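Structure record follows, encoded as structure tokens.
2 protein chains.
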Amino acid sequence: LGELELIEYIRSLASRERPTWLEVGIGDDAAVIRLPGGDRVVVTTDMLIEGTHFERGTAPEAVGYKAVARALSDLAAMASSPLCTVAAVSFGASHSPDWARRLSKALLESAEKLGAPLVGGDTSSGTAVLSLTLTALGLPGPKGVVRRAGARPGDAVCVTGRLGGSLMGRHLTFKPRTQEALELAGRFDVHAMIDISDGLSTDALHIAQESGVGLTLRAEAIPISEDACVMAGRRGPEDSPIRHALNDGEDYELLFCLSQADAVAAAQSGLAGAPVSIIGIVTAEKQSFILCPDGSREPLRGGGWEHLKR
Amino acid sequence: LGELELIEYIRSLASRERPTWLEVGIGDDAAVIRLPGGDRVVVTTDMLIEGTHFERGTAPEAVGYKAVARALSDLAAMASSPLCTVAAVSFGASHSPDWARRLSKALLESAEKLGAPLVGGDTSSGTAVLSLTLTALGLPGPKGVVRRAGARPGDAVCVTGRLGGSLMGRHLTFKPRTQEALELAGRFDVHAMIDISDGLSTDALHIAQESGVGLTLRAEAIPISEDACVMAGRRGPEDSPIRHALNDGEDYELLFCLSQADAVAAAQSGLAGAPVSIIGIVTAEKQSFILCPDGSREPLRGGGWEHLKR
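Taken in sequence, the protein lines are chains A and B.
The opening residue of the first sequence carries number 1 in this note's numbering; numbering runs sequentially from there.
The opening residue of the second sequence carries number 1 in this note's numbering; numbering runs sequentially from there.
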């Protein structure tokens, strides 16, 4: 059962009546809850499974860091700042008490370092492999959250950083784009945003679908990481770096839509030291495309994690 | 690695400096966060593993219900009302898409029925058995939360419902004592509270430890469920119902301490229709005891889940 299918199913069941305190619900990177006194809290939950999200043998320090960083990346995608985290861990049968202690320490230290102290947890046993769920609470920025819905025809499509080849190691060490997202939302009117976890192609389609628009990306404008080039080089001539940049996923970069003028300003200044690239345009036509260097255009298909692995 | 050991370890690492917005942290049933505008949110996370928390072959409807009910029981233990939930699920390799859909539906419907609508989630694959983490957010009652710490010498020790033999089926069908906890905290000055998940003996020691006191329980006063009698009967003469009531766990009843006068009033009226029993007294002496019917007293030892299974 694919994630998208399940989320769609949950959404169809849940959409009947949304409580008034639920400002953003299922279908975005995080939910936004309005509390009785007027405070808003953003909540996201994220699961890491040994063998799926990290290789067996990965150091517990890297596993703990990734768990926290992934959840905070979801908060960043909503232009929200981290507040705190809770963790639920089922240690795999093969992990020693020392490994478990190192993972616990890594969770605590990573959470504190990334600005979302661990305030609670649950531990269990019974799984053959490590299963780790990180739930993060955050606070919306002063102008509120940014959602996947909201991209407008004529908007520029932008991305931070460089994409592809994350499995070379970056998927364990990336820094969530929290500061970048807060600066972005503070300086500009951002219409839609997502973090790239499933892959640029798939996540671009998420924005398109939620916003009821199309996205046309220019292949030549997509910033490709060195890792993507290395991976493509290893796999021979039928592979290419752009395929990795489009489909690998786990980049945890920000993909966002805003006016052309704002996009130019963001690309010129960068965000909190991170480069920003303008990679496409939003169209009223709901079909999404990729413009190839030879001038042809092809339908943009979700080639990210959802497509490849399920 | 036992849960207690890990929590103690995390606590030792985390206790160095607690953020000012963290009113209650690791070591209670849930954390309490103060938001910038003054709202408070209570958060708890709880993991369910197939084979550990429910038998393989359990209906997905029962699994989904239990996951939500367990998390809300933690909120009830803090005298907090449920607000919403998020779920992270890794479906076991053997579960069909239909089973997964039924579980998703059960999570949604149970959460709604118990007053904590599901507002987000994450799904994954890669575990051989089902791994399900439910995180619940709640709101403190008007007088604030009740913690494990706070029991005072001279207090009465009380419990709702009847204990033991939960594995006969009640562990899948119990109703979290939300209404009971809210009525209790509304009518009385409750000094300390916990929900009985690990077993009466172990959870009584949790209150004793956190409060820096001792608890002396009267064996004859402990309300024993019919299920405990049935289970003891099956196991022959060396077993007894009181052992099940003390040690089985998964009762999800409320164990709480308050003045003798308040305890008598609560026992006379019951709480939201649930019976209340006065089962012991809080002592300044930090050792905890069980008073046997023959007048002897024995040290109270944690015979609950932590002791038996690890």
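Think of the CB as a built atom: it goes at the ideal place given N, C-alpha and C, for glycine as much as any other residue.
For clarity, every value in this text was computed on a predicted model and none was experimentally measured.
- Do you know whose CA, among B:E250, B:A151, B:E183, B:I242, lies nearest L291 (chain B)'s CA? For the purposes of this step, residue 291 (chain B) is taken as residue 291 along the second sequence, with counting starting at 1. The shortest Cα separation from L291 (chain B) among B:E250, B:A151, B:E183, B:I242 belongs to B:I242.
- Query: Just reading off the beta strand (DSSP E) that T283 (chain B) is part of, what are its end residues?
  - Reply: Here residue 283 (chain B) refers to the residue found at position 283 when the second sequence is read from its first residue. It spans 276-283 - the beta strand (DSSP E) in which T283 (chain B) sits, taken as one unbroken run.
- Query: Mind pulling the chain B residues with CB within less than 7 Å of S80 (chain A)?
  - Reply: If you number the first sequence from 1, residue 80 (chain A) lands on position 80. Correct list: empty, because the minimum Cβ distance to chain B is about 13 Å.
- Quick one: which residues of the segment 17-48 of chain B get their C-beta closer than 7 Å to a C-beta of chain A? List them in chain order. P19, L22, G25, I26, A30, A31, I33, L35, P36, G37, G38, D39, V41, V43, T44, T45, D46, M47
- Query: Heavy atom of the ligand MN less than 7 Å from the Cβ of D251 (chain A), yes or no?
  - Reply: In terms of ligand content, the structure shown is empty, and the ligand MN therefore cannot be addressed.
- Item | Residues sharing a beta bridge with I196 (chain B), DSSP | Residue numbering aside, residue 196 (chain B) sits at position 196 when the second sequence is read from its first letter. For I196 (chain B), which the question treats as bridged, DSSP gives no partner whatsoever.
- Can you list, in chain order, the residues of the segment 118-142 of chain A whose Cβ is nearer than 8 Å to any Cβ on chain B? L118, V119, G120, G121, D122, T123, S124, S125, G126, T127, A128, V129, S131, T133, T135, L137, L139
- Task: Please state if the CB of I222 (chain A) and the CB of L163 (chain A) are separated by a distance shorter than 8 Å.
- Result: Indexing the first sequence from 1 puts residue 163 (chain A) at position 163. Indexing the first sequence from 1 puts residue 222 (chain A) at position 222. Their beta carbons are under 8 Å apart, which means L163 (chain A) touches I222 (chain A) by this criterion.
- Task: Could you give the DSSP three-state label for R301 (chain A): helix, strand or coil?
- Result: Along the first sequence, read from residue 1 onward, the residue named residue 301 (chain A) stands at position 301. In the structure shown, R301 (chain A) sits in coil (DSSP, three-state: anything other than H, G, I, E or B).
- Message: Helix, strand or coil for T52 (chain A)? Go by DSSP, reduced to three states.
- Response: Residue 52 (chain A) sits at position 52 when you count from the first residue of the first sequence. In the structure shown, T52 (chain A) sits in coil (DSSP, three-state: anything other than H, G, I, E or B).
- Message: Using the three-state DSSP reduction, which class does S80 (chain B) fall into: helix, strand or coil?
- Response: What you label residue 80 (chain B) is simply residue 80 of the second sequence in a count that begins at 1. Looking at S80 (chain B) - three-state DSSP - the assignment turns out to be strand.
- Would a check of beta-carbon distances place T202 (chain B) closer than 8 Å to chain A? Start at 1 with the first residue of the second sequence, and residue 202 (chain B) comes out as number 202. No, T202 (chain B) does not count as interfacial toward chain A.
- Message: Which residues of the segment 48-63 of chain B have a Cβ closer than 9 Å to any Cβ of chain A? Give them in chain order.
- Response: L48, I49, E50, G51, T52, H53
- Task: Please check if any C-beta of chain A sits within less than 8 Å of the C-beta of L255 (chain B).
- Result: Reading the second sequence from its first residue, position 255 is the one you call residue 255 (chain B). So, not an interface residue.
- Option in B:G51, B:P140, B:L132 with minimal Cα separation from L83 (chain B): Taking the second sequence and counting its residues from 1, one reaches residue 83 (chain B) at position 83. Nearest C-alpha to L83 (chain B): B:P140.
- How about S211 (chain B) and T52 (chain A): do their beta carbons lie closer than 8 Å? Counting from one through the second sequence, the residue named residue 211 (chain B) turns up at place 211. Counting from one through the first sequence, the residue named residue 52 (chain A) turns up at place 52. No; because the gap between Cβ atoms is not below 8 Å, this pair is not in contact.
- Message: I'd like the span of the beta strand (DSSP E) that includes I290 (chain B), first residue to last.
- Response: Along the second sequence, read from residue 1 onward, the residue named residue 290 (chain B) stands at position 290. Element bounds for I290 (chain B): 289-291.
- Anything in chain B within Cβ reach of S90 (chain A), meaning under 7 Å, just list it in chain order. Here residue 90 (chain A) refers to the residue found at position 90 of the first sequence. Result: M47, I49, S131.
- Query: In chain order, what residues of the same chain lie with their CB nearer than 6 Å to the CB of S73 (chain B), ignoring the 5 residues before and after it?
  - Reply: As a first step, residue 73 (chain B) is located in the second sequence; it is residue number 73 there, counting from the start. Closer than 6 Å at the Cβ level, and outside the excluded window around S73 (chain B), lie P176, D195, Y252.
- Item | At least three beta-carbon pairs within less than 8 Å, the segment 128-144 of chain B to the segment 33-46 of chain B | yes
- Message: I'd like to check one pair, V282 (chain B) with L215 (chain B): are the Cβ atoms closer than 8 Å?
- Response: Here the question's residue 215 (chain B) lines up with position 215 in the second sequence. Here the question's residue 282 (chain B) lines up with position 282 in the second sequence. Closer than 8 Å, so yes.
- Item | Cβ of L182 (chain A) within 8 Å of any chain B Cβ | By 1-based counting over the first sequence, the position of residue 182 (chain A) is 182. L182 (chain A) does not count as touching chain B.
- Query: Any idea what DSSP makes of H307 (chain B), helix, strand or coil?
  - Reply: Walking along the second sequence from the start, residue 307 (chain B) turns up at place 307. Reliability fails at H307 (chain B), whose pLDDT of 35 lies under 50, so the model's placement of it is uncertain and the value that follows must be treated cautiously. Helix at H307 (chain B).
- For R70 (chain A) and R310 (chain A), the rounded distance between their alpha carbons: Taking the first sequence and counting its residues from 1, the one referred to as residue 310 (chain A) is at position 310. Taking the first sequence and counting its residues from 1, the one referred to as residue 70 (chain A) is at position 70. Bear in mind that the predicted position of R310 (chain A) carries a pLDDT of just 28, short of 50, making it unreliable; the figure below should be weighed with that in mind. So the alpha carbons of these two residues sit roughly 21 Å apart.
- Of the listed residues B:S96, B:D28, B:C257, nearest to P153 (chain B) (C-alpha basis): Residue 153 (chain B) sits at position 153 when you count from the first residue of the second sequence. The option with the nearest alpha carbon to P153 (chain B) is B:C257.
- Simplified DSSP assignment, three categories, for D39 (chain B): On the second sequence, position 39 is the one that residue 39 (chain B) refers to. The answer is coil: DSSP assigns D39 (chain B) none of H, G, I, E or B.
- Item | C-beta neighbour in chain B for Y65 (chain A), strict 8 Å | Here the question's residue 65 (chain A) lines up with position 65 in the first sequence. Chain B contact via Cβ: absent.
- Message: On the CB-based measure, 16 or more other CB atoms within 10 Å of its CB, does G277 (chain B) come out buried or exposed?
- Response: What you label residue 277 (chain B) is simply residue 277 of the second sequence in a count that begins at 1. Per the sequence shown, the amino acid found at residue 277 (chain B) is Ser instead of Gly. Burial call: buried.
- Task: Give, in chain order, every residue of the segment 234-262 of chain A whose Cβ lies closer than 7 Å to some Cβ of chain B.
- Result: none
- Query: Once you ignore the five residues that flank D262 (chain B) on each side, which residues in its own chain have a CB closer than 6 Å to its CB?
  - Reply: Mapped onto the second sequence, residue 262 (chain B) falls at position 262. Excluding positions up to five away in sequence, the list reads F188.
- Query: From the DSSP output, which residues share a beta bridge with I26 (chain A)?
  - Reply: By 1-based counting over the first sequence, the position of residue 26 (chain A) is 26. Answer is A:D28, bridged to I26 (chain A).
- Sorted by chain position, which residues of the same chain lie with C-beta nearer than 8 Å to P142 (chain B)'s C-beta, five sequence neighbours on each side aside? For the purposes of this step, residue 142 (chain B) is identified with residue 142 of the second sequence, where counting begins at 1. Within the same chain, P142 (chain B) has close Cβ partners G186.
- Tell me which same chain residues have a C-beta within less than 6 Å of the C-beta of S255 (chain B), skipping the five on either side of it? Here residue 255 (chain B) refers to the residue found at position 255 of the second sequence. According to the sequence as given, residue 255 (chain B) is Leu; it is not Ser. Counting only Cβ-Cβ distances below 6 Å, and skipping sequence neighbours, we find V159, I194, I196, D203.
- G165 (chain B) burial status per 10 Å Cβ neighbour count (16 or more: buried): Walking along the second sequence from the start, residue 165 (chain B) turns up at place 165. Buried, by the Cβ-count rule.
- Message: The beta strand (DSSP E) that contains G121 (chain B), what's its start and end?
- Response: Translated into positions along the second sequence, residue 121 (chain B) becomes position 121. From DSSP, the beta strand (DSSP E) with G121 (chain B) extends over 118-124.
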